[in-house]
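Numbering (this note's numbering), first residue to last: 6 to 725. Just so it is clear, CB atoms sit at the ideal spot from N, CA and C, and this is done for glycine as well. It should be emphasised that the depicted structure is a prediction, and the values quoted were computed from it without experimental measurement. Inspection log for the structure reproduced underneath, given as structure tokens.
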Amino acid sequence: MAGHFSEFGMMPEMVKGTEDMGWMLPTDIQAEAIPMILGGGDVLMAAETGSGKTGAFCLPVIQIVYENLVTVKEGKSTNQKMNNNKWEMNKFDREPGLAIGEDGLLCQARQQRWQGARSTLGVVEGKYYYEVQITDEGLCRVGFSTDTAVFDVGTDNESFGFGGTGKKSYRRQFDTYGEPFGINDILGCYLNLEAGSISFSKNGNVFEKAFDIPKNLDNRAFFASVTLKNAELHFNFGNKPFKHPPAGHFQALCKATKTIQSRRLSAPKKFTNICSPAALIMEPSRELATQTHDQITLFKKNLPAPKLKNSCLVGGQNTRDQINELQQGVDILTGTPGKIADFVDSGKLKLDQVRFLVFDEVDGLLNQNNGALIERLFNTCPKMSADGRRLQLIICSATLHNFDVKKLAEKIMHFPTWIDLKGQDSVPDTVHHTVCVVDPKVDTAWHFLKPKIRTDGVHEQDDKHPSSTFPETYSEAVKVLKGEYVIKAIEKQNMDQGIIFCRTKLDCDNMERYLKQRNAQQFSCVCLHGDRNPKERGSNLQQFKDKQVKFLICTDVAARGLDIKGVPFVINVTLPDEKANYVHRIGRVGRADRMGLALSLVSKCREKVWYHKCESRGRNCRNTRLLEKGGCTIWYDEMKYLQDIEEHLGETITMVASDMNIPVNEFDGKVTYGKRRKREDDTKKYHQEELAPAVSELAVLEKQVQISYLNFMNDWNTAV
6 MAGHFSEFGM MPEMVKGTED MGWMLPTDIQ AEAIPMILGG GDVLMAAETG
56 SGKTGAFCLP VIQIVYENLV TVKEGKSTNQ KMNNNKWEMN KFDREPGLAI
106 GEDGLLCQAR QQRWQGARST LGVVEGKYYY EVQITDEGLC RVGFSTDTAV
156 FDVGTDNESF GFGGTGKKSY RRQFDTYGEP FGINDILGCY LNLEAGSISF
206 SKNGNVFEKA FDIPKNLDNR AFFASVTLKN AELHFNFGNK PFKHPPAGHF
256 QALCKATKTI QSRRLSAPKK FTNICSPAAL IMEPSRELAT QTHDQITLFK
306 KNLPAPKLKN SCLVGGQNTR DQINELQQGV DILTGTPGKI ADFVDSGKLK
356 LDQVRFLVFD EVDGLLNQNN GALIERLFNT CPKMSADGRR LQLIICSATL
406 HNFDVKKLAE KIMHFPTWID LKGQDSVPDT VHHTVCVVDP KVDTAWHFLK
456 PKIRTDGVHE QDDKHPSSTF PETYSEAVKV LKGEYVIKAI EKQNMDQGII
506 FCRTKLDCDN MERYLKQRNA QQFSCVCLHG DRNPKERGSN LQQFKDKQVK
556 FLICTDVAAR GLDIKGVPFV INVTLPDEKA NYVHRIGRVG RADRMGLALS
606 LVSKCREKVW YHKCESRGRN CRNTRLLEKG GCTIWYDEMK YLQDIEEHLG
656 ETITMVASDM NIPVNEFDGK VTYGKRRKRE DDTKKYHQEE LAPAVSELAV
706 LEKQVQISYL NFMNDWNTAV
């Protein structure tokens, strides 16, 4: 069992904050993660939503940021810096596994994964050259990059590399170039910013042009760059004579008169939290960012002066107010990808003080194509703080068994501690999950249903007459029947609160309109998805939490990570195509030991649905041709997805008929969804109370027997 929060070395004021929230003991994920983060390590963790994961990273981050704030205010801050005008490799702009010698020119990495670094200075115009001597066996790539490129030279669109296998690389495209090289070889690196080109040489043999620099990188500063894998090499920027002097009016880099200093030449010279947070937390949605921000506000409320400032950077708010708030100082900033990227790119948000990077629900962030942004933020942050502490990364994911999550961790994290309290997906025993098969060939109610739900318009031009047997007809029928089945389920199970998951934002809007059309009071509902403005989304979510409405209709993305307590019912109008999303959805019920029901409507026949690949991403798109024919639709096979889910979970999901009579497990007895389940402990307590009088009577009889025995022995001894 986990100990008290105070046993982790947390400040008394922080402990009081947890107690004020009713947290007497840490959860399992908190007990594992808090000591690791306080100890300075990178942490990669997975736990169920609602398990205290937010507190697991917020509490230690708040404490370390606050302690640093106190240190700075007391004038105890230290600063490390380098010679600002010397050409050398930058120890503040490198990956942790790459070592740089005292002279700033010798680079070594002994890890089996790539480790990179950049020079202290860059150039924006002219023709320049530098040399590298390979001093040990191993793999390496050398070249040029901007200061926001990844360290793995040649694997993004801002870096250009030449590797030991005789390959040039840009945007992870490796093409044969020049010759392979190895120990004792001398490589020459040519940067021609007048012509916009890069080339290389080996032992004085100059190869043809390797790269044309894209126009979008005009006026960007270029730095000497390297990435190593179990290798060692030595740079020469021209302070010593070159082994193979360049031809064609190229100058040594050290002779450049117009240079740009790296933004990471030193740990920050002077502490400031003006537009410069110490911790940056990225969340995949506005609601989740706001939720995390509110939690931080509660955790820090008992901290004494100096005041720790936390802010939230999300869309839908007045930009001028957000800028003013950052300019007044911020220590912990929580935000969404789009807003953070906008503020960083425009210079409104600086990352030169960041010592914590937290990516929450990172699998959701990656699904939103934010991988490049995550790497760019990591590359922009200083790798070492003013007091010598290394940049800490904390990544939270719904599962650690995700290939993209593992790949990202390998790229940016430094020997992370993996905390996996979720393991492979499984369904809690407090969740009853069932499937109702929707078969329009058997249930012909769609022939005459009125009113019926407005569908997504995929079949507007198709034959939908009940006498037709075309796949398109049955597909449209499924959409109609699912609307009716939602009503049936709500009425049959007396659902007074629940979450209804739809596949698309359009489906959400149509379901909301249909429920209100049927009975706006009985089926009161609100929508939560990306097309609703932020103010409406916030209001809708709060109405549902406050039980002012009965149903929240949402997409997977909008609902990810939200902490909504006590939800008894979930309806999946369409099965998700990702197995993990099914577990996320049904995991909305059955929390805090309360019973929950998750009902999935699964079409027996394939359903034609929107799958927009067009530039507008669906706005005003009516191209109903299939994707392979240049359109924006696909055939969605829910029975196949159901089979995948059952295989993933290792169980067969209970089927129910269209009358929505849900079978109850015989061992559970009568179940009230949303209420605490009847536990074995409760049964034991009941039996204890029932047996208590008999036990008391037995105790009295035992006492009488013992007294009688003692009297008998006393009389016997007297008689003898």
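Reference H653; option with closest CA among V432, M600, V661 and Y195
V432
Under the criterion of a Cβ to heavy atom distance below 7 angstroms, does P433 qualify as lining the ligand COA?
As for the ligand COA, it is missing from this structure, which has no ligand bound.
Less than 6 angstroms between C-beta atoms, sequence neighbours within five positions excluded: which residues of the same chain meet that for T440?
Per the sequence presented here, residue 440 reads as Val, with Thr not at that position. Hits under 6 angstroms: S605, V607, I658 and M660.
Coarse secondary structure for Y714, derived from DSSP in three states:
Residue state, collapsed to three classes: helix.
Does the distance from the CB of F156 to the CB of A114 come in under 8 angstroms?
no
Taking the alpha-carbon positions, what's the R630 to R360 distance?
Distance between R630 and R360, taken at the CA atoms: about 50 angstroms.
Assuming contact is defined by CB atoms lying nearer than 8 angstroms, are E136 and F247 in contact in what I supplied?
In this structure, F247 lies closer than 8 angstroms to E136 by Cβ.
Tell me the residue span of the beta strand (DSSP E) that contains M94.
Note, M94: beta strand (DSSP E), M94 to R99.
Could you give the distance in angstroms between the alpha-carbon of D190 and the alpha-carbon of A346?
41 angstroms
Excluding the five sequence neighbours on either side, which residues of its own chain have a C-beta within less than 7 angstroms of the C-beta of I218, listed in chain order?
G201, S202 and I203
At the level of alpha carbons, what is the spacing between G106 and C259?
So the two alpha carbons sit approximately 18 angstroms from each other.
Closest Cα partner of H239 within the set L196, V147 and Q327:
V147
Pick helix, strand or coil for F361, following the three-state DSSP scheme.
strand
So H437 is in the beta strand (DSSP E); what residue range does that whole segment cover?
V436 to V443
Contact the segment 517-526 vs the segment 584-602: 3+ CB pairs below 8 angstroms
With the cut-off at 8 angstroms, the segment 517-526 and the segment 584-602 do not touch.
DSSP three-state call for W423: helix, strand or coil?
Strand.
Under 8 angstroms, do G171 and G183 count as touching if we go by C-beta distance?
Inclusion of G171 and G183 in the CB contact set at 8 angstroms is warranted, their separation being smaller than that value.
Measure the Cβ-Cβ separation of V70 and I337 and say whether it is below 8 angstroms.
yes
Member of A236, K570, K411 and F10 whose CA lies at the smallest distance from the CA of L4:
Absent from the structure is residue 4, since the part of the chain shown begins at 6 and ends at 725.
Select from M16, Q116, N315 and P309 the residue whose C-alpha is nearest the C-alpha of D302.
Correcting the residue type first, residue 302 is Thr in the shown sequence and not Asp. The shortest Cα separation from T302 among M16, Q116, N315 and P309 belongs to N315.
Just to confirm, are K609 and V442 a CB contact at a threshold of 8 angstroms?
At the C-beta level, K609 and V442 come within 8 angstroms of one another.
Span separating the alpha-carbon of E266 from that of L126:
Note on identity: in this sequence residue 266 is Gln, with Glu being the wrong assignment. Cα to Cα, Q266 sits roughly 5 angstroms from L126.
Among C513, E380 and G143, nearest to K484 - alpha-carbon criterion
C513
Exposed or buried, which one is V710 when buried takes at least 16 other CB atoms within 10 Å?
exposed
Spatial neighbours of G187 within its chain, please: CB distance less than 8 angstroms, with the 5 preceding and 5 following residues excluded, ordered by chain position.
I139, E142 and G169
What does DSSP give as the partner residues of K132 in its beta bridges?
N197
How should M516 be labelled, buried or exposed, when 16 other C-beta atoms within 10 angstroms of its C-beta is the threshold for buried?
A residue is called buried when at least 16 other Cβ atoms come within 10 angstroms of its Cβ; M516 meets this threshold and is buried.
State yes or no: is the beta carbon of P282 nearer than 8 angstroms to at least one beta carbon in chain B?
Within the model displayed, chain B is absent; a lone protein chain is all it includes.
Between the C-alpha atoms of L405 and K58, what's the straight-line distance to the nearest angstrom?
Each residue's Cα considered, the two are about 14 angstroms apart.
Decide if Y714 is buried, meaning its Cβ has at least 16 other Cβ atoms within 10 Å, or exposed.
exposed
Residue range of the unbroken alpha helix (DSSP H) whose run includes S544:
In this chain, the alpha helix (DSSP H) harbouring S544 covers P539 to K550.
Do you know offhand how far E199's Cα is from G243's?
One C-alpha to the other measures close to 20 angstroms.
Residue interval of the beta strand (DSSP E) (run including A805)
Outside the displayed range of the chain (6 to 725) lies residue 805, so it cannot be described from this structure.
Between the beta-carbon of G369 and the beta-carbon of V562, is there less than 8 angstroms?
yes
Here's the rule: buried if 16 or more other CB atoms are within 10 angstroms of the residue's CB, otherwise exposed. What is H298?
Burial state of H298 is buried, judged by a 10 Å Cβ sphere holding 16 or more other Cβ atoms.
Presumed contact (8 angstroms Cβ cut-off) between N375 and P342, rounded CB distance
5 angstroms
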